[in-house]
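Engineer: Structure in structure tokens, see below.
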Amino acid sequence: MNLLAELRRRFEPVLAGLGISPDDVQKSLEMIRPAQDARFGNYQANFAMPLAKALGKPSREIAAEVAAKVDLRGLAAPADVAGPGFINVRLDNNFLTERLAVAVSDDRLGIAPVAQPKTYIVDFSAPNVAKSMHVGHIRSTVIGQAIVETLRFLGHRVIGDNHIGDWGTQFGMILYGYKHFRDDAAYQANPVVELSRLYRLVATLVGYFETKAELPELQKRLQEADAVATAHKQAAAADPQAQKKAAKEQRRLDGRVADARAELSAAQTKLAAADADPELSKLVREHATIADDVLTETAKLHAGDAENRRLWQEFMPLCLAEVDRIYRRLGVTFDETLGESFYHEQLGPLVAELRSQLPEVVRESGGAVCVFLPGQATPMIVQKKDGAYLYATTDLATIRYRMERWRPDAMLYVVDHRQSLHFEQLFAMARLWGYRDVDLRHISFGTVLGDDGRPFKTRSGDTVGLEGLLDEAVSRAAAIVSENDDKKPAGPELSADERARIADAVGIASLKYADLSQNRTSDYVFSYDKMLAMTGNTGTYLQYAYARVHGVVAKGRVDVAALRASGAAIRLDADAERALGLELLRFGDALDDTVADFRPNQLTSYLFELANRYSTFYEQCPVLKAETEALRTSRLLLCDLTARTLERGLSLLGIEVVEKM
RNA sequence: GCGCCCGUAGCUCAAUUGGAUAGAGCAGCGGACUUCUAAUCCGCAGGUUGCUGGUUCGAUUCCAGCCGGGCGUACCA
1 MNLLAELRRR FEPVLAGLGI SPDDVQKSLE MIRPAQDARF GNYQANFAMP LAKALGKPSR
61 EIAAEVAAKV DLRGLAAPAD VAGPGFINVR LDNNFLTERL AVAVSDDRLG IAPVAQPKTY
121 IVDFSAPNVA KSMHVGHIRS TVIGQAIVET LRFLGHRVIG DNHIGDWGTQ FGMILYGYKH
181 FRDDAAYQAN PVVELSRLYR LVATLVGYFE TKAELPELQK RLQEADAVAT AHKQAAAADP
241 QAQKKAAKEQ RRLDGRVADA RAELSAAQTK LAAADADPEL SKLVREHATI ADDVLTETAK
301 LHAGDAENRR LWQEFMPLCL AEVDRIYRRL GVTFDETLGE SFYHEQLGPL VAELRSQLPE
361 VVRESGGAVC VFLPGQATPM IVQKKDGAYL YATTDLATIR YRMERWRPDA MLYVVDHRQS
421 LHFEQLFAMA RLWGYRDVDL RHISFGTVLG DDGRPFKTRS GDTVGLEGLL DEAVSRAAAI
481 VSENDDKKPA GPELSADERA RIADAVGIAS LKYADLSQNR TSDYVFSYDK MLAMTGNTGT
541 YLQYAYARVH GVVAKGRVDV AALRASGAAI RLDADAERAL GLELLRFGDA LDDTVADFRP
601 NQLTSYLFEL ANRYSTFYEQ CPVLKAETEA LRTSRLLLCD LTARTLERGL SLLGIEVVEK
661 M
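Numbered per my numbering, the first sequence finishes at 661, counting up by one with no gaps.
Here is the structure:
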């Protein structure tokens, strides 16, 4: 049960009696919220002010009228009116303790499953299995999992689908690399490492030629920018009148020249570095047509070429085993793993169908089959001029497949915000195609930036591999676990095995929490120290809070099952107790907030707040040494409920708890 | 050029989608371990929410214009 929902039920008849539209009643109900400040009680209603105009009465008068009429008996003290018409509600202790008693005796902590479950497809993680996963993959994976788990706990039907990249150009690169640069001994010893090396090598060579091809364009752009800037300077000199405005324009133009110069010199540096490397420049000479040849390998794979298919069959299990190993370490699972290859056979008929069904938007241009959507500056290409299909094509096929198989109410794509144009076009096309009553949503998130604040790019060499990041997180955690265990007053209490297990849980948690605790829409600055921090608002802090609760219960040799079944009363006399109790009851609201816009940081904020309240309670309220038996039992109940709420909340975020640390 | 996103404390970020005196963490300073785990707690300090206007009872939030940054923009994903 949600506090907010209950409160809104009480206000509804009063609002309906004001003679406003049902729509305004709804809007007004949404303006009942948790209070910003404890001085204003626990909840506040802000609807009186906006209603003032419509009702032609001062907002304070409206507020007073509502406050007098609303029936809060059994829930809260009579409502107060403050300021211009804020209505403040302070919940009764009796009510809180009753609700806490319900949570104590309920597996779901008193949170009822939604009345009308929906079917959600959550498309997340989606790595390219030809390359090893790097830090850029972590957000989609971690955020996606949290969304899946939270929706599922709320009672929805959820299908987590890992739409892996297993059919694209990257496989052409691996095929090309395998055929030309393979080191058999290395492949025998560790095929995935060797494939990864081959991928990087081929990508480097292709990149070399791409950069080289761009060079004239970059030079031209620099010349043009320079010419414009110079002309502007001369014109400005001739016309002293317009000096001020001209100066500003000049700065802009000079900036553009500088940008063009920087871009050109970056490209030249890159090429020079390759040319200076004798081995690399030899390969460059020998593989002058590599960019096209890679595409040819890809096209042959798609066309059913026997050798390429055989190699693909050989590589795939290896690549999948590799990503699976990472998922196991992260504790991530999927209900479905249908990669691009799964849809391959459907693409040809699909394009033909689109052309015949929607000839006004789907047509050929420049040799490619394009979708020209109204209001879109550029078309979405569904078939290249060489006949190959693209991810837009696959994504359309995927939508159809999912609609037919699952009849979902919504599909959520947890993908980097840089693909927003793609999704805008994809969704618009899907609607034209007839899929109008499904909520297609791009759950975008910010880019991972480097320490320098520039977008994190996987430059060869200094890629931060996901595996290495996990190792680093766990080893940092191990050091801290050991250090803290060693300095325990009563001496170390953990075995080597326990330390290792705890380090694993703590390390992985720090990584996930760092990501989840941030608003997903903002860019993410990559920093080991920040991602792996273990003090402050971190996963470790929450795990520690849990372990401390567990420590109390263990030390008191409390029979938890009996405690829960006892029906003993919870008392909320001390401020710290009341604050904790109230926070515990807010869990349902926090979950609603989390899925309202699919923002797991709503849940991390809640859990952090809860752990904070517990820490304060822990400092101020002795549990095992409470003055009376009744108080001891009451506090133990609060502890147990805190532990269960933390454990449940963290599990929804994909974070494990440990009983000792 | 066009489109989308962002700019909040020294740093990294919140702010319940327009509510009351803008909050946390880190870093800094000062306190609290013979007492249930100090990976903690309590306190102090830190702000013209990029700038300028507008909309209204009320703006970090909405609108316009500037300034600064990022991303995307026809056959990669």
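Virtual Cβ for every residue (Gly too), placed ideally from N, Cα, C.
Tell me the residue span of the alpha helix (DSSP H) that contains D161.
Structural biologist: What you label residue 161 is simply residue 161 of the first sequence in a count that begins at 1. That residue, D161, is in no alpha helix (DSSP H); its beta strand (DSSP E) goes 157-161.
Engineer: With DSSP collapsed to three states, give me the class of T458.
Structural biologist: On the first sequence, position 458 is the one that residue 458 refers to. Interpretation of T458 is limited by its pLDDT of 45, a score under 50 that renders its predicted location unreliable; no figure is taken from the coordinates.
Engineer: What number of angstroms, rounded off, separates the C-alpha of A262 from the C-alpha of D305?
Structural biologist: Taking the first residue of the first sequence as position 1, residue 262 is located at position 262. Taking the first residue of the first sequence as position 1, residue 305 is located at position 305. Their backbone Cα atoms lie some 44 Å apart in a straight line.
Engineer: Could you check which residue in R8, A490, V104 has the C-alpha nearest to that of V560?
Structural biologist: Residue mapping note: residue 560 aligns to position 560 of the first sequence, counting from 1. Of the listed residues, the one whose Cα sits closest to V560 is V104.
Engineer: Since Y43 contacts P34 with CB under 8 Å, what's their CB separation in whole angstroms?
Structural biologist: The sequence position of residue 43 within the first sequence is 43, counting from 1. The sequence position of residue 34 within the first sequence is 34, counting from 1. Sure, about 6 Å apart at Cβ, within 8 Å.
Engineer: Between the segment 580-592 and the segment 605-613, can you find at least three pairs of beta-carbon atoms closer than 8 Å?
Structural biologist: yes
Engineer: Classify A102: buried if its beta carbon has 16 or more other beta carbons within 10 angstroms, exposed otherwise.
Structural biologist: The sequence position of residue 102 within the first sequence is 102, counting from 1. The sequence given here places Val at residue 102; Ala does not occur at that position. V102 is exposed by the Cβ-count criterion.
Engineer: What three-state label does DSSP hand E364 in the structure shown?
Structural biologist: Position 364 of the first sequence, counted from the start, is the residue given in the question as residue 364. Strand at E364.
Engineer: I'd like the list of long-range same chain contacts for L55, defined as Cβ closer than 8 Å, with 5 residues on each side in sequence excluded.
Structural biologist: Position 55 of the first sequence, counting from 1, holds the residue named residue 55. The residues are L18, G19, I20, I62.
Engineer: Provide the residue(s) that pair with S444 in DSSP beta bridges, ordered along the chain.
Structural biologist: Here the question's residue 444 lines up with position 444 in the first sequence. For S444, which the question treats as bridged, DSSP gives the partners V415.
Engineer: When you compare the CB positions of M534 and L511, do they come within less than 8 Å of one another, or not?
Structural biologist: As a first step, residue 534 must be located in the first sequence, where it is residue number 534. As a first step, residue 511 must be located in the first sequence, where it is residue number 511. With respect to L511, M534 sits apart: the two C-beta atoms are not nearer than 8 Å.
Engineer: Taking 8 Å as the threshold (C-beta atoms), are A626 and R635 in contact?
Structural biologist: Counting from one through the first sequence, the residue named residue 635 turns up at place 635. Counting from one through the first sequence, the residue named residue 626 turns up at place 626. In this structure, A626 lies closer than 8 Å to R635 by Cβ.
Engineer: Considering only residues of the same chain and omitting the five flanking positions on each side of L205, which have a CB-CB separation below 7 Å?
Structural biologist: If you number the first sequence from 1, residue 205 lands on position 205. Closer than 7 Å at the Cβ level, and outside the excluded window around L205, lie L283, V284, H287, I290.
Engineer: D395 to M411, Cα distance in whole Å?
Structural biologist: Position 395 of the first sequence, counting from 1, holds the residue named residue 395. Position 411 of the first sequence, counting from 1, holds the residue named residue 411. Rounded to the nearest angstrom, the two C-alpha atoms are 12 Å apart.
Engineer: From which residue to which residue does the alpha helix (DSSP H) around V284 run?
Structural biologist: Start at 1 with the first residue of the first sequence, and residue 284 comes out as number 284. Segment 278-286, the alpha helix (DSSP H) holding V284.
Engineer: Does DSSP put L253 in a helix, in a strand, or in coil?
Structural biologist: Position 253 of the first sequence, counting from 1, holds the residue named residue 253. Three-state DSSP puts L253 in a helix.
Engineer: Skipping 5 residues on each side, what residues in its chain have a beta carbon closer than 7 Å to that of K212?
Structural biologist: For the purposes of this step, residue 212 is taken as residue 212 along the first sequence, with counting starting at 1. Closer than 7 Å at the Cβ level, and outside the excluded window around K212, lie L271.
Engineer: In terms of residue numbering, what span does the alpha helix (DSSP H) encompassing A576 cover?
Structural biologist: Taking the first sequence and counting its residues from 1, the one referred to as residue 576 is at position 576. Start and end: 575-585.
Engineer: In whole angstroms, what is the alpha-carbon distance linking A514 and K233?
Structural biologist: The residue given as residue 514 occupies position 514 in the first sequence. The residue given as residue 233 occupies position 233 in the first sequence. If you take the alpha carbons of A514 and K233, they lie about 49 Å apart.
Engineer: Please report how far the alpha carbon of E345 lies from the alpha carbon of G168, in whole angstroms.
Structural biologist: Residue numbering aside, residue 345 sits at position 345 when the first sequence is read from its first letter. Residue numbering aside, residue 168 sits at position 168 when the first sequence is read from its first letter. Straight-line Cα distance between these residues: approximately 14 Å.
Engineer: For R520 and L610, I'd like the C-alpha separation in whole angstroms.
Structural biologist: Stepping through the first sequence from its first residue, residue 520 is reached at position 520. Stepping through the first sequence from its first residue, residue 610 is reached at position 610. Whole-angstrom Cα-Cα distance: 21 Å.
Engineer: Would you report the Cα separation of R8 and A260, rounded to the nearest angstrom?
Structural biologist: Here the question's residue 8 lines up with position 8 in the first sequence. Here the question's residue 260 lines up with position 260 in the first sequence. One C-alpha to the other measures close to 58 Å.
Engineer: If I'm right that L652 touches A146 with Cβ under 8 Å, what's the distance once you round it to whole angstroms?
Structural biologist: Counted from its first residue, the first sequence places residue 652 at position 652. Counted from its first residue, the first sequence places residue 146 at position 146. Right, their Cβ atoms sit about 6 Å apart.
Engineer: Along the chain, where does the beta strand (DSSP E) that runs through N42 open and close?
Structural biologist: Against the first sequence, residue 42 aligns to sequence position 42. Element bounds for N42: n/a, residue is neither H nor E.
Engineer: Between the segment 417-428 and the segment 111-129, do at least 3 Cβ pairs fall closer than 8 Å?
Structural biologist: no
Engineer: Measuring CB atoms only, is the segment 111-121 touching the segment 81-98, in the sense that at least three cross pairs come out at less than 8 Å?
Structural biologist: no
Engineer: For Q425, count the other beta carbons within 10 Å of its own beta carbon; 16 or more makes it buried, fewer makes it exposed. Which is it?
Structural biologist: In the first sequence, counting from the first residue as 1, residue 425 sits at position 425. Counting Cβ neighbours within 10 Å, Q425 comes out buried, since at least 16 surround it.
Engineer: Quick check: what's the CA-CA separation for S341 versus A503?
Structural biologist: Locating residue 341 in the first sequence gives position 341, counting from the first residue. Locating residue 503 in the first sequence gives position 503, counting from the first residue. Each residue's Cα considered, the two are about 38 Å apart.
Engineer: Under 8 Å between the Cβ atoms of L542 and D640?
Structural biologist: Against the first sequence, residue 542 aligns to sequence position 542. Against the first sequence, residue 640 aligns to sequence position 640. In this structure, D640 does not lie closer than 8 Å to L542 by Cβ.
Engineer: Considering V81, what are the terminal residues of the beta strand (DSSP E) in which it resides?
Structural biologist: Taking the first sequence and counting its residues from 1, the one referred to as residue 81 is at position 81. V81 -> beta strand (DSSP E) spans 80-82.
Engineer: Are the beta-carbon atoms belonging to T645 and L580 less than 8 Å from one another?
Structural biologist: Residue numbering aside, residue 645 sits at position 645 when the first sequence is read from its first letter. Residue numbering aside, residue 580 sits at position 580 when the first sequence is read from its first letter. It is not a contact, given that the beta carbons lie outside the stated cut-off.
Engineer: When burial is assigned at 16 or more other CB atoms within 10 Å of the CB, is T230 buried or exposed?
Structural biologist: The sequence position of residue 230 within the first sequence is 230, counting from 1. So T230 counts as exposed.
Engineer: Are the Cβ atoms of V142 and V158 separated by less than 8 Å?
Structural biologist: For the purposes of this step, residue 142 is taken as residue 142 along the first sequence, with counting starting at 1. For the purposes of this step, residue 158 is taken as residue 158 along the first sequence, with counting starting at 1. Result no, Cβ atoms of V142 and V158 do not sit closer than 8 Å.
Engineer: Which same chain residues end up closer than 6 Å to E647 when comparing Cβ atoms and leaving out the 5 residues on each side of it in sequence?
Structural biologist: In the first sequence, residue 647 corresponds to position 647, counting from 1. Cβ neighbours of E647 beyond the five flanking positions: V657.
Engineer: Per the DSSP calculation, M380 is bridged to which residue(s)?
Structural biologist: In the first sequence, the residue the question calls residue 380 occupies position 380. Answer by DSSP bridge pairing, in chain order: V371.
Engineer: Is P78 near S59, with beta carbons less than 8 Å apart?
Structural biologist: Taking the first residue of the first sequence as position 1, residue 78 is located at position 78. Taking the first residue of the first sequence as position 1, residue 59 is located at position 59. Cβ atoms of P78 and S59: not closer than 8 Å.
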